[in-house]
Each structure stands twice: as structure tokens, then as C-alpha cells.
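K.L.:
So that we are looking at the same thing, I have put the structure below in C-alpha cells.
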Amino acid sequence: ELVGPLGRYGRSRSCRVIGPADLATAEALLGDPFSAAVLCAVPLRIGVGGGASGSGSPGRLLHLPLEDALAVLEADLLEALQAAQHYALDEACVPNEFLLELLEAAVSNVGNRDGWDEMMCRRIADTWRTRDPTNIWLDDKLLQVGRAAELCGGEELHLPIFGHAAYGDAPALAALHADVRVRVGRGEGLVVKPRHGANSRHVFLWPPKGDRPASAAAAEVEAATEGGREEAVLESVKRALKGWDDSWDRECWQLSQVPRGVVVQPLYAIAVSACESGGPRSRAAPLELKVQVLFGEVVGGTLNTHPADLWVTRRGDVQVWNQEDLLARGHTRCRKIDKCYGKHIPAAALQTLVRVLQAHWPLIRGTSERLTRGAQLDELRVDWLLGDDRWGPRIGELTYMGAGSRMSPPLSRRLSRAYAAAHLSRLGRLAVVQADCAEEVLAATGSSLWPVGVLDRARQGHGRGQFA
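According to the numbering used here, the sequence shown is numbered sequentially starting from 17.
Shown next as C-alpha cells:
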């Protein structure tokens, strides 16, 4: 794709989105004083047994060369870019002037400003300026359960809520304590978490009585509590209810408006055991696939525990990354995640992922898209829990403006650029055409939508505090 620095053309000038075109058409548009900018997309030329969105069963393991895998991703992202043109978008998601500058910078090919994490962090910073209450429900671990079901015709999508209580509501807390005592006595596995939380802070995983706690937080509470498992779980309810974490101050303003409270749900099957060499930071976790949706179209997903190992494509295939290829494109391993879950996904967990995708990918993708379209969001991350024979695929949580720091730079850049181009073209500030070769486009015009050359090899930093 071809993109020029949009400021050079003037923000008030109109442009149109067009279909496939040759380079001469792109050059003509660039020379038109009434055009804002032009993006050129290079068509997908590789075959993956049906292409990026072709026929065939999901759940295939792919080991494509990096360039070919990125070409599949780019084709999937173009599906979202195309869908954006006539997408019914909630007014709260329409970018303001501050965000328009951010979007333009992402496709300007100037500096290293095109990462998904930077995009999310600056959008988060903007929420503290605008303070729009429209989408608070997306950060509320209680309200999003009912709202998601409502958007999908009443179907229960999340794990059920066993009980909840707001801070200061003594009767509700007493009822929750009584229910927890009964469930612990029956040997049920439970998850205790803050209604107002994020980043897995103050989340306690309690397996059935007799098994070791499945999270470091739960193990710490049990070690410090007298009276056995029942009293330890009740203490975790207290901690989740009152808990706060410094990282939440760097999240969006909407999270700060969620009432303090505690939520109790069933524990989903553990698929990734605690890493023996990880020390006190190691923890067990369910198999969780973070599915990213742009303008109502699923574009792919990563694993919560091992984001650098693989990418699930739009059609449900599993691209297993060559780590040396990723390192050559600016990827750096996250030592914190490695210590928590180990460097690579366990073979049994990978087999579970493939099995679930083969059986349930149409449900996972279709539901994720239906939710995003129903809420009229420009983007949404739907975190799916997979592999529990009792519960089946369930949504763990919905995340709007979710962190991109776990995403490898080649993916992060393309996701950010597609998101920016979709908004800009939807607003008439950008035209999209196709060219045969991104390198030729870059040489002829000095700009490209997908990163080329050194722009696709730089490392990317992350951290929310630097953009606040």
C-alpha cells in the first residue's frame, strides 16, 4: 500500500476509496490536488490451501516462511479495511483531532511510530482528556457478561457468574461468602477477581480442594491464612474487593469509573502448568486465545501465555513462527512471560488448540465479529478460554483498547497501520489502490502502507507510562 504524509495534502480535502488499480492510477491520484493520500495494497500471491480466507478446514498447522505468513496477515487485514468503508461505527469510536494526528503518523513512514502498543497507549491517554462514559461497560467485568449475551440474542458466552458483590454492600458480600463456602465444600474450582481490575492483578485461581493453588496470588493467600482452603478463598474475596494496582492508573479512564467489586466464576481447565524454572513468578493458566477484531472482521489471534510462538489466522489456521525470523524483524522475548509460563507452548496445549479450532473456529470467529458489530466498535479483543470439556469455548473477557506489547513487531506494525488506514479511508482522508510491488511503490512515491525495509526491522518499545 501507498501512503503519503497526510498533512502535505490538507485535512479538509476529500478522497475516495477505490479498488484494484495499477501504479499509473496511483500516481495520477497522488498528483490530484483534491486527493488526500493514496494507499497501495500488494495482492496476495501465495497459496495456503485456499488462501487467506479460502475454503478448507480450520486448525491446520502452518510453518510458512515469514514473508508468506505476513502476506496472509496483510490480506486478512485488508478484509477489515474494506469492511470499514460502510461500517456502522458508534459515535464514541470516531477519532477526534488528536487521534487523527496519531492515525496519520502511523501510516506516514516517518520514525518508529506505527506499533499497535503505541496506538493503544495514546488512545488510552486520550480517554483521560475526553472522559466519555459510553463504553465503560467494556471495562466492567460484571456488566460485560450481560451486555455480551444481549448483543448475541441472549446466549451465554462468558463463564457464568456464581456471585458478586460491590464494595460496601454488606448483604451482597454476606450472600457471596455463604455461596463460596458451599462451593468450596463441594470441591469446586473457582476464580476470584476484581470487577474493576485489569492485567491479571488480584486474580486468584482456586482448583478443587486438595489441589495446589493455580496462581501465585492464591498460593500466597493460602500460605498466609489459617483455617484451610475455605478461609483462604474468603480472604481472596476480600483482597479482590479492596484491591488496587498502580498499573490500573495507566489504563483507560473508563476503567477508573467501574465500581469496585468482586466477581466469582468457575475455574476453567488449566492447560499450561506453572514453569518449574520460573521461580515465584511462575503460574498456571487456562488456554486463552486473544482474538483481535477490526471493524467487525476477525484478523487473527495470539495466545496469552505464548504470544511469540504462533498466530491464528482469520480462517483459523495456526502459523508457527520461526523465532530467528522474528528476531531479525525486531522481536525481543519477554522474560517476564517466559518466567511465568515457560519459553514455548507445551505440546499438549498446542494439540488442544488445534483440536478446538477444528471443532469450534466458526463459532469463535462468528461470535467475536457479531459482538463487535453489535456494539459498533472499531476494534475489540475477545479473549477466549479453550479446551475445557465441561464448559466448551467461553469468553474470559472483552478488552477495548487492549495492550499490544505482547505482539511481535511485524504483526504489531501491520495491525496498527491497517487500523489507522481503515479510519482515515472511512473519513475520506485516504484512498486505497493496489500495486504489484510495495518496494516499487516506495521507490516511486516515498511511502507505503505496509512497512518496507528498515521500517520493518526496528525494535519497538512499550510501556503505558511513557504515553500518558
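C-beta atoms are modelled at their ideal positions from N, C-alpha and C, and glycine is treated no differently.
So does the stretch 318-327 actually touch the stretch 232-252, counting three or more Cβ pairs closer than 8 Å?
P.N.:
Output reads no: the stretch 232-252 does not touch the stretch 318-327.
K.L.:
Look at the alpha carbon of residue 112 and the alpha carbon of residue 187, and state the distance between them as a whole number of angstroms.
P.N.:
Roughly 44 Å separates the two Cα atoms.
K.L.:
Out of 275, 213, 248, 160, point me to the one whose CA is closest to residue 15's CA.
P.N.:
Nothing about residue 15 can be reported from this structure: the residues present for the chain run from 17 to 484 only.
K.L.:
Please determine if the stretch 140-153 and the stretch 262-280 are in contact, where contact requires at least 3 C-beta pairs separated by less than 8 Å.
P.N.:
The stretch 140-153 is in contact with the stretch 262-280.
K.L.:
Between 246, 472, 208, which has its C-alpha nearest residue 281's C-alpha?
P.N.:
The residue with the shortest Cα to Cα distance from residue 281 is 208.
K.L.:
Would DSSP call residue 410 helix, strand or coil?
P.N.:
In the structure shown, residue 410 sits in a strand (DSSP, three-state: E or B).
K.L.:
Spell out the partners DSSP gives residue 15 in its beta bridges.
P.N.:
Any answer about residue 15 is impossible in this case: the structure gives the chain only from 17 up to 484.
K.L.:
Using a Cβ-Cβ cutoff of less than 8 Å, which residues in the same chain neighbour residue 238 once the five nearest sequence positions on both sides are dropped?
P.N.:
229, 245, 248, listed in sequence order.
K.L.:
Which value, in whole angstroms, describes the spacing of the CA atoms of residue 377 and residue 333?
P.N.:
When rounded, the distance between both Cα atoms is 9 Å.
K.L.:
Can you give me the C-alpha to C-alpha distance between residue 33 and residue 448, rounded to a whole angstrom?
P.N.:
Annotation note: pLDDT 33 at residue 33 (below 50); position unreliable, coordinate value reported separately. Distance between the alpha carbons of residue 33 and residue 448: 5 Å.
K.L.:
Specify the secondary structure class of residue 43 as computed by DSSP and reduced to three states.
P.N.:
Because residue 43 carries a pLDDT of 42, less than 50, the predicted location of this residue cannot be relied on, and no value is offered for it.
K.L.:
Report the option in 360, 275, 388 whose CA atom is closest to the CA atom of residue 313.
P.N.:
Among 360, 275, 388, the Cα nearest to that of residue 313 is on 388.
K.L.:
Only counting runs of 3 or more residues, tell me where the beta strand (DSSP E) segments fall wholly within the stretch 188-231, in order along the chain.
P.N.:
With a minimum length of 3 residues, the continuous beta strand (DSSP E) runs that stay inside the stretch 188-231 are 206-210, 220-222.
K.L.:
Can you name the residues that DSSP bridges to residue 177?
P.N.:
BP columns for residue 177 are empty, so no partner.
K.L.:
In the DSSP assignment, the beta strand (DSSP E) including residue 326 goes from what residue to what residue?
P.N.:
Where residue 326 is concerned, the enclosing beta strand (DSSP E) stretches over 326-328.
K.L.:
With a threshold of 8 Å, are at least 3 pairs of Cβ atoms found where one atom belongs to the stretch 120-140 and the other to the stretch 417-431?
P.N.:
The stretch 120-140 vs the stretch 417-431: in contact.
K.L.:
Across the stretch 301-312 and the stretch 393-407, are there enough close Cβ pairs to call them in contact, namely three or more that are closer than 8 Å?
P.N.:
Contact holds: three or more Cβ-Cβ distances are below 8 Å.
K.L.:
Do the CB positions of residue 284 and residue 401 come within less than 8 Å of each other?
P.N.:
Cβ atoms of residue 284 and residue 401: closer than 8 Å.
K.L.:
For residue 370, which of helix, strand or coil comes out of DSSP?
P.N.:
Correct three-state label for residue 370: helix.
K.L.:
Whose CA, out of 121, 131, 223, lies closest to the CA of residue 204?
P.N.:
The residue with the shortest Cα to Cα distance from residue 204 is 223.
K.L.:
Quick check on the burial criterion: 16 or more other C-beta atoms within 10 angstroms. Buried or exposed for residue 338?
P.N.:
Exposed, because fewer than 16 other Cβ atoms sit within 10 Å of the Cβ of residue 338.
K.L.:
Applying the criterion that 16 or more other CB atoms from any shown protein chain within 10 Å of the CB defines a buried residue, is residue 77 buried or exposed?
P.N.:
With fewer than 16 Cβ atoms within 10 Å of its Cβ, residue 77 is classed as exposed.
K.L.:
For my contact list, residue 438 and residue 365 are in at a C-beta cut-off of 8 Å; report their separation, rounded to the angstrom.
P.N.:
So it is not a contact: roughly 33 Å between Cβ atoms.
K.L.:
Would you mind stating whether residue 428 and residue 169 have Cβ atoms separated by less than 8 Å?
P.N.:
Taking 8 Å as the Cβ cut-off, residue 428 and residue 169 do not qualify as a contacting pair.
K.L.:
Give the straight-line distance between the Cα atoms of residue 206 and residue 225, rounded to the nearest whole angstrom.
P.N.:
Using only the alpha carbons, I get a separation of about 10 Å.
K.L.:
In whole angstroms, what is the alpha-carbon distance linking residue 386 and residue 241?
P.N.:
Those two C-alpha atoms are separated by around 44 Å.
K.L.:
Going by alpha carbons, who is nearest to residue 434 out of 83, 92, 390?
P.N.:
Ranking the options by Cα distance to residue 434, first place goes to 92.
K.L.:
Hey, could you find the ends of the beta strand (DSSP E) residue 313 is sitting in?
P.N.:
From DSSP, the beta strand (DSSP E) with residue 313 extends over 313-319.
K.L.:
What's the C-alpha gap between residue 129 and residue 83?
P.N.:
So the two alpha carbons sit approximately 22 Å from each other.
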